[in-house]
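Quick notes on the structure that follows.
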Amino acid sequence: QSTLVVAEPTDGSTLSPSTLSAITAASKLHSGPISLLTFSSAIVGVPSSISSVIQANANGNSSLLAETITNAVVAANKKYGYSHIVASATKSGANYIGRAGAQLGVSPISDVVEVLSEDTFVRPLYAGNALAKVIAKNSPLKLISVRPTAFDKAEVENESVATESLDVPQFEHTEWIMESVSKSERPDLSSASVVVSGGRGMKSGENFVLLEALADKLGGAIGASRAAVDAGFVPNDMQVGQTGKVVAPDLYIAVGISGAIQHLSGMKDSKTIVAINKDGDAPIFQVADFGLKADLFDAVPELTKNL
Amino acid sequence: MKILVPIKRVIDYAIKIRVDPTKGARGVQLSNVKMSMNPFCEIAIEEAIRLKEKTKTSAEVVAVSIGPKQCTETLRTALAMGADRGIHIETKADVRGDYVDMQPWGIATLLKGVVEREGGVDLVLLGKQSIDSDCGQTGTLLAGLLNAPQATFASKVDRGDDGSFTVERETDSGTEVIKIKPTTLPAIITCDLRLNTPRYPTMPNIMKAKKKPVETISLEAMVQELGLNLDEVLSRKNEVVEVYEPPPRKEGEMVGDVMELLAKLKEKGLVA
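Order-wise, the sequence lines are chains A and B.
Going from the first sequence to the working numbering is simple: count from 1 and add 34.
Going from the second sequence to the working numbering is simple: count from 1 and add 88.
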């Protein structure tokens with residue numbers, strides 16, 4: 035038995051937090067070797083559970099295309115023959131996991147939150163309001179994507195491991211043109227230990243400065259509900275929920291968020307949840323460890339001031 | 089231009105589901121709950137209609153739904169929004185669409201067959217995920233089975249006069265732009281939330297939709313016609329053995345004011 039973990043694209047020389055979580059999930063499958071597939075030539079340290087790194091080579095920015103990543107996964111599997119292939123359950127992973135499954139003849143299992151054995155997994159249905167125990171049958175190869183917040187990040191060791199090079203065939207019908215990345219000084223939303231999120235109750239995008247001040251004091255990231263995103267207060271990459279990012283920080287502070295089912299599914303695994311809302315009947319209070327019924331425009335500045 | 093839009097009937101997004109723990113894998117109650125078109129499928133239909141409205145040549149929007157007989161209502165909604173015709177692949181009443189029986193693999197296998205049966209499909213527009221099984225795989229599985237170009241999580245779709253598609257798509261850190269070059273293969277595009285706001289069908293259009301053609305064919309007959317293996321489509325490649333509710337969160341408490349909240353957070357060591 036052996037596993038291939040597909041690394042998420044990363045800017046610098048370090049593996050992304052979601053890749054480190056995927057490696058932890060992979061180490062729960064079996065005791066065989068784990069290889070890491072990456073397009074980055076600059077990775078300096080990998081966790082000790084990784085026995086080899088497969089360095090995929092593709093032309094320029096085509097390595098960002100689902101078609102290229104799929105071709106790399108298929109080529110690596112052809113060359114080395116794995117029992118398991120593990121991706122991250124992020125937008126990046128969701129972009130290729132189905133395509134790769136189709137081309138490998140495997141029905142993938144997405145968004146795994148628990149590894150019970152080499153072929154039995156738990157994944158959420160209905161925005162996490164139900165969990166399904168699933169057995170991957172009828173295929174010697176298992177392809178799963180794992181939810182980063184459900185697995186600890188593997189520790190990186192700085193020892194070198196064997197690296198092998200893999201040439202990846204190009205897919206001719208798509209072309210990567212450009213990207214527009216939201217830059218922030220704050221920690222990454224998906225992996226921050228503190229998240230402060232605002233909802234429709236913030237009333238405007240300008241008012242998010244109140245949350246920024248609070249997040250800065252706590253060293254946290256800023257998130258938002260779908261309602262706040264739909265109202266145009268903040269960009270979509272800040273959305274927490276079933277259709278946005280799933281977060282599970284040590285502390286989640288929901289401000290002016292009512293708590294729609296689809297938002298709760300993106301944050302209810304946070305260790306401690308604080309809700310500040312002036313509507314005492316808001317459903318967010320049902321999942322909050324500490325609820326404060328108050329006007330956020332008074333409470334948030336007071337909280338920030340006293341930290 | 090021919091656009092195929094697969095649509096799914098799911099439990100309405102605003103409904104809190106109920107799980108009956110005595111029923112094993114089939115515990116989520118599907119009867120007597122409000123069902124609607126999956127919200128992302130609505131966005132896909134809307135985008136198909138907008139592309140049709142913008143194109144200078146003729147265009148046809150074909151909606152496809154796979155599921156029990158009530159799926160015809162979902163197809164009628166799509167037709168009332170502006171789709172031209174519907175194909176309903178009807179499953180037996182007890183076949184569940186929420187991952188327990190029908191899974192993305194089987195759906196994508198059928199859709200590949202429908203694409204080939206239709207012929208001349210330029211674009212397949214799908215929702216990025218269904219809100220019941222939350223797999224987010226159907227679009228990319230279909231693209232992989234066809235080895236066709238894809239763009240997922242679309243937030244903007246433009247069609248060039250040469251038949252290319254320029255797609256702005258949402259990523260984990262922002263957006264990026266992908267160009268799908270003109271090809272004889274269909275472009276596979278999945279729709280994210282911000283792509284558009286679906287229209288409400290007007291009463292005259294609801295009336296007109298009743299006259300639009302819907303082909304109904306049983307799953308078994310379609311599988312036979314497409315030369316597929318029923319097991320390949322319906323077999324539970326990933327067998328759901330149990331469905332259960334997550335453990336409830338420990339009951340929280342209300343605090344009186346900000347200072348009390350701060351004291352509680354300090355007690356837990358969450359703030360200095």
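Backbone N, C-alpha and C define an ideal beta-carbon position, used for all residues, glycine too.
In this text, all values refer to a predicted model and were calculated from it rather than measured experimentally.
Taking only beta-carbon positions, decide if residue i is within less than 9 Å of chain B.
i, result
"Met212 (chain A)", "yes"
"Glu101 (chain A)", "yes"
"Ile307 (chain A)", "yes"
"Ser97 (chain A)", "no"
"Glu336 (chain A)", "yes"
"Leu49 (chain A)", "no"
"Leu13 (chain A)", "Because chain A here runs from 35 to 341, residue 13 (chain A) falls outside it and cannot be looked at."
"Ala59 (chain A)", "no"
"Gln204 (chain A)", "no"
"Arg234 (chain A)", "no"
"Leu200 (chain A)", "no"
"Phe324 (chain A)", "yes"
"Val263 (chain A)", "yes"
"Ala247 (chain A)", "no"
"Ala224 (chain A)", "A quick correction: the sequence has Ser, not Ala, at residue 224 (chain A). Yes - at least one Cβ of chain B is within 9 Å of the one on Ser224 (chain A)."
Can you pull the chain B neighbours of residue i, defined as C-beta to C-beta under 9 Å?
i, result
"Gln296 (chain A)", "Tyr101 and Ile219"
"Ile116 (chain A)", "Note on identity: in this sequence residue 116 (chain A) is Tyr, with Ile being the wrong assignment. By Cβ distance, chain B contributes nothing, its closest Cβ being about 18 Å from Tyr116 (chain A), past 9 Å."
"Ile77 (chain A)", "Near Ile77 (chain A) there are no residues of chain B at all, since even the closest Cβ is about 18 Å away, more than 9 Å."
"Glu209 (chain A)", "Ile266, Lys267, Ile268 and Lys269"
"Thr277 (chain A)", "Pro127, Phe128, Lys216, Gln217, Ile219, Asp280 and Leu281"
What residues from chain B crowd round residue i, counting only those whose CB sits closer than 8 Å?
i, result
"Ile131 (chain A)", "Gln225 and Thr228"
"Lys327 (chain A)", "Met342"
If we cut at 9 Å on Cβ distances, does residue i have a partner in chain A?
i, result
"Glu135 (chain B)", "no"
"Glu130 (chain B)", "no"
"Asn284 (chain B)", "no"
"Lys96 (chain B)", "no"
"Ala242 (chain B)", "no"
"Asn235 (chain B)", "yes"
"Thr271 (chain B)", "yes"
"Leu281 (chain B)", "yes"
"Asn317 (chain B)", "no"
"Thr254 (chain B)", "yes"
"Glu330 (chain B)", "yes"
"Ile105 (chain B)", "yes"
"Leu213 (chain B)", "no"
"Asp345 (chain B)", "yes"
"Lys216 (chain B)", "yes"
"Lys299 (chain B)", "no"
"Leu353 (chain B)", "yes"
Under 8 Å between beta-carbons, which chain A residues line up against residue i? List them in chain order, please.
i, result
"Ala196 (chain B)", "Gly132 and Ala136"
"Asn326 (chain B)", "Ser141, Ile143, Val168, Ile169, Ala170 and Lys171"
By the criterion of Cβ-Cβ separation under 7 Å, what are the contact partners of residue i in chain B?
i, result
"Pro158 (chain A)", "Asp222"
"Val321 (chain A)", "Arg337"
"Asp28 (chain A)", "Here chain A covers residues 35 to 341 and nothing more, so residue 28 (chain A) does not appear."
"Asp284 (chain A)", "Leu358"
"Leu341 (chain A)", "Val359"
"Lys125 (chain A)", "Phe241, Glu258, Thr259 and Asp260"
"Ala333 (chain A)", "Val346"
Could you work out which residues of chain A lie near residue i, taking near to mean beta carbons separated by less than 7 Å?
i, result
"Ser261 (chain B)", "Val215, Ser216 and Asp271"
"Ala231 (chain B)", "Arg133"
"Pro334 (chain B)", "Gly162 and Leu165"
Return the bridge partner residues of residue i from the DSSP annotation.
i, result
"Gln89 (chain A)", "A:Thr72 and A:Ser199"
"His118 (chain A)", "A:Thr37 and A:Lys176"
"Ile154 (chain B)", "B:Ile177"
"Lys90 (chain B)", "B:Glu148"
"Thr102 (chain A)", "According to DSSP, Thr102 (chain A) bridges with nothing at all."
"Pro158 (chain A)", "A:Leu165"
Measure the beta-carbon distance from residue i to residue j and round it to whole angstroms, keeping in mind my assumption that it falls under 8 Å.
i, j, result
"Met236 (chain A)", "Gly290 (chain A)", "5 Å"
"Val40 (chain A)", "Leu63 (chain A)", "Not quite, the Cβ-Cβ distance comes to about 14 Å (not below 8 Å), so this is no contact."
"Cys279 (chain B)", "Glu135 (chain B)", "6 Å"
"Ile276 (chain B)", "Ala236 (chain B)", "5 Å"
"Ser52 (chain A)", "Thr124 (chain A)", "5 Å"
"Gly79 (chain A)", "Val190 (chain A)", "4 Å"
"Gln273 (chain A)", "Val263 (chain A)", "5 Å"
"Asn126 (chain B)", "Ile169 (chain A)", "Wrong, their Cβ atoms sit about 26 Å apart, outside the cutoff."
"Lys327 (chain A)", "Lys305 (chain A)", "With a Cβ gap of about 22 Å, Lys327 (chain A) and Lys305 (chain A) do not count as contacting."
Using a cut-off of 9 Å between C-beta atoms, extract the partners of residue i located in chain A.
i, result
"Tyr187 (chain B)", "Arg157, Leu159, Ala166 and Val168"
"Val321 (chain B)", "Simply none; closest approach about 11 Å."
"Val116 (chain B)", "Leu159, Tyr160, Asn163 and Ala164"
"Pro192 (chain B)", "Gly132, Gly135, Ser141, Pro142 and Ser144"
With a floor of 3 residues, list each beta strand (DSSP E) that falls wholly inside the segment 236-287 of chain B, ordered by position along the chain. 238-247, 253-258, 262-268 and 275-279
At which residue ranges does the segment 214-295 of chain A contain complete alpha helix (DSSP H) runs of 4 or more residues, listed in the order of the chain? 242-252 and 260-264
In chain order, which beta strand (DSSP E) runs of at least 3 residues are fully inside the segment 284-347 of chain B? 302-306, 326-332 and 341-343
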